[in-house]
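Residue numbers (the working numbering): 53 to 347. Input: a single structure, listed below in C-alpha cells.
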Amino acid sequence: MKKLDKKEYNGYGVLAELTFNINKLFGNLARYFFNLSHKFKFEQYKIIFGERKDDIYISTYPKSGTTLMQMILYHLTSDGKMNFKHIYDVSPWIRNASFIGQKPPDLNSPRIIKTHDSYKEFGKKTKGKFIYVYRNGMDVAISNFYQQKNYNNSDLKLDKYLNSFFKQKKWFKHTREWMINKNKLSILYIKYEDLLNNKTKEIDRIISFLGIPRNKKAINRALKYSSFEFMKKNENLFGEQRKVSEKIFNQFIRKGKSGEGKSLLAKEQKERFMVYYKRMVKNVEEKTFGQKLNI
Ligand code: A3P
Numbered sequence: 053m054k055k056l057d058k059k060e061y062n063g064y065g066v067l068a069e070l071t072f073n074i075n076k077l078f079g080n081l082a083r084y085f086f087n088l089s090h091k092f093k094f095e096q097y098k099i100i101f102g103e104r105k106d107d108i109y110i111s112t113y114p115k116s117g118t119t120l121m122q123m124i125l126y127h128l129t130s131d132g133k134m135n136f137k138h139i140y141d142v143s144p145w146i147r148n149a150s151f152i153g154q155k156p157p158d159l160n161s162p163r164i165i166k167t168h169d170s171y172k173e174f175g176k177k178t179k180g181k182f183i184y185v186y187r188n189g190m191d192v193a194i195s196n197f198y199q200q201k202n203y204n205n206s207d208l209k210l211d212k213y214l215n216s217f218f219k220q221k222k223w224f225k226h227t228r229e230w231m232i233n234k235n236k237l238s239i240l241y242i243k244y245e246d247l248l249n250n251k252t253k254e255i256d257r258i259i260s261f262l263g264i265p266r267n268k269k270a271i272n273r274a275l276k277y278s279s280f281e282f283m284k285k286n287e288n289l290f291g292e293q294r295k296v297s298e299k300i301f302n303q304f305i306r307k308g309k310s311g312e313g314k315s316l317l318a319k320e321q322k323e324r325f326m327v328y329y330k331r332m333v334k335n336v337e338e339k340t341f342g343q344k345l346n347i
C-alpha cells in the first residue's frame, strides 16, 4: 500500500508527526532511565555482596554450558547437599538477582558466581578466579534460538534469529574479549565439548587451577549430579525462575549435544558465521587452545 506523501499532510498530519516523534523520544528516554536504574541497582548489590579473593566466577556467553559448570563446581567445593530449591541459591547469577530485586545471599567460601557480563565489567583489581566455558558458536546460536522460542516467542523463526545473531555479533565480541584477557585476570578456559567427551579430565584441570583438594567423593558426586540425565530429570532446579504456571515449555536442559549448529544452519549462514569467526575469534582461539579449533 502507498504511503501518504508529506505534501498531502494537512495541519493534523504535521501534528501527528510531531507527537509521534515526541513519543519516540520519551520511549528512548524511558529505556535509558530504566537501564540506568538497573545499573545503579547492580552497583548497590555488588557493594553488599562484596568481593572475596577466593570467589570463583563462571563466565560464559549464554547457552554455553554455564549451568553444567555450576553443578560441577558446586560439588567440587562443598559437601554437595542437594536440598537447594534452585541452583541460584548456591551459585547466584548476581546480575539477574539484582535485576529482580533479590537480597544478596550469605554464602560460604568459595562462592561460585555466574556471569554473562562483558569482559570490560571486570577491572584489573577484580579478586577471585574465572572459569570461562567456551562452546562452538553455531551450537550456541541454535541453543539460544530455542531458548528464545521456547520461553519468550513461540513464533520465532530460525532465519530471523540468526540474522540478528550475525548483525549484533555479540557472541563473537564476548568470546574475543574474554580470550584476549586484556586485564590479565586469572582465567581457566574450558570447552563445553571437552566436558561432553571427557569430563573427568576437565574436572582434573579445574581442581589444579583452583588449588582445591582432589577429593574422590566430591569428584564422583560432581560427575553424577552434573550428568545430562540427572539435570534433565531435575529441571526444576535449573534455568528460568518463572512461576510454575508460566513454565509451559520446560526446555532449559534441552539436548546437551554438540554439532546441531552445523546441521541446522544453511550453507550461506555457515559461510556468514565463518567470515566473522575468522575475523574475530579464530586467532584468539588458537592462542587460547592451540591449533585444535572448535569449529
Ligand atoms: P542445548 O540447548 O544445546 O541442549 P547454559 O547453562 O549456559 O544456559 O547452557 C545451556 C545448554 O547446556 C543447553 O544446550 C543445555 O541442554 C546444555 N546442558 C545443560 N546441562 C547439561 C549437562 N549436564 N550436560 C550437557 N549439556 C548440558
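Using N, Cα and C, we set each Cβ at its ideal position, and we do this for glycine too.
- Three or more Cβ pairs closer than 8 Å define a contact, and the stretch 175-189 meets that threshold against the stretch 237-245.
- Here Ser-111 is bridged, per DSSP, to Thr-167 and Tyr-184.
- Residue pairing from DSSP places Lys-243 in a beta bridge opposite Tyr-186.
- In this structure the stretch 262-275 lies against the stretch 128-135, because at least three pairs of beta carbons, one per stretch, are closer than 8 Å.
- Considering only Gly-189, Lys-253, Gln-200 and Met-283, the residue with the shortest C-alpha distance to His-226 is Gly-189.
- Here the C-alpha atom of Phe-325 lies approximately 42 Å from the C-alpha atom of Lys-269.
- Between the stretch 213-233 and the stretch 194-204 there are three or more C-beta pairs closer than 8 Å, enough to call the two in contact.
- A straight line joining the alpha-carbon of Tyr-140 with that of Phe-290 spans about 8 Å.
- The C-beta distance from Pro-156 to Ile-232 rounds to 30 Å, too long to meet the 8 Å contact threshold.
- If you check the C-beta of Phe-304 against the ligand A3P, you find a heavy atom less than 8 Å away.
- Non-local C-beta neighbours of Lys-201 in its own chain, meaning closer than 6 Å and more than five positions away in sequence, comprise Leu-208, ordered along the chain.
- Set against 8 Å, the gap from the CB of Glu-312 to the closest heavy atom of the ligand A3P is smaller.
- Following the DSSP letters along the chain, one finds Arg-104 in no alpha helix (DSSP H), marked with neither H nor E.
- Of all C-beta pairs linking the stretch 301-310 to the stretch 146-161, fewer than three are shorter than 8 Å, placing the two stretches out of contact.
- Put simply, the backbone Cα of Ser-89 is about 43 Å away from that of Lys-253.
- Inclusion of Tyr-186 and Tyr-244 in the CB contact set at 9 Å is warranted, their separation being smaller than that value.
- One thing to note: Ser-278 has its Cβ no nearer than 9 Å to the Cβ of Met-134.
- Residue nearest to Glu-103 within the set Phe-174, Gln-343, Trp-223 and Leu-317 is Phe-174 (criterion: CA-CA distance).
- With a cutoff of 8 Å, Lys-319 does not count as near the ligand A3P, since its C-beta is closer than that to no heavy atom of the ligand.
- Membership of Met-123 in the alpha helix (DSSP H) is indicated by the continuous run 118-129.
- Residue Arg-147 holds the alpha-carbon nearest to the alpha-carbon of Phe-92 among Arg-147, Asp-211 and Lys-234.
- Look at Ser-279: its beta carbon is less than 8 Å from one of the heavy atoms in the ligand A3P.
- Pairing Glu-229 with Lys-172 gives a Cβ-Cβ distance under 9 Å.
- The stretch 235-288 contains, as complete alpha helix (DSSP H) runs of 4+ residues, the segments 244-249, 251-262, 268-277 and 280-285 (chain order).
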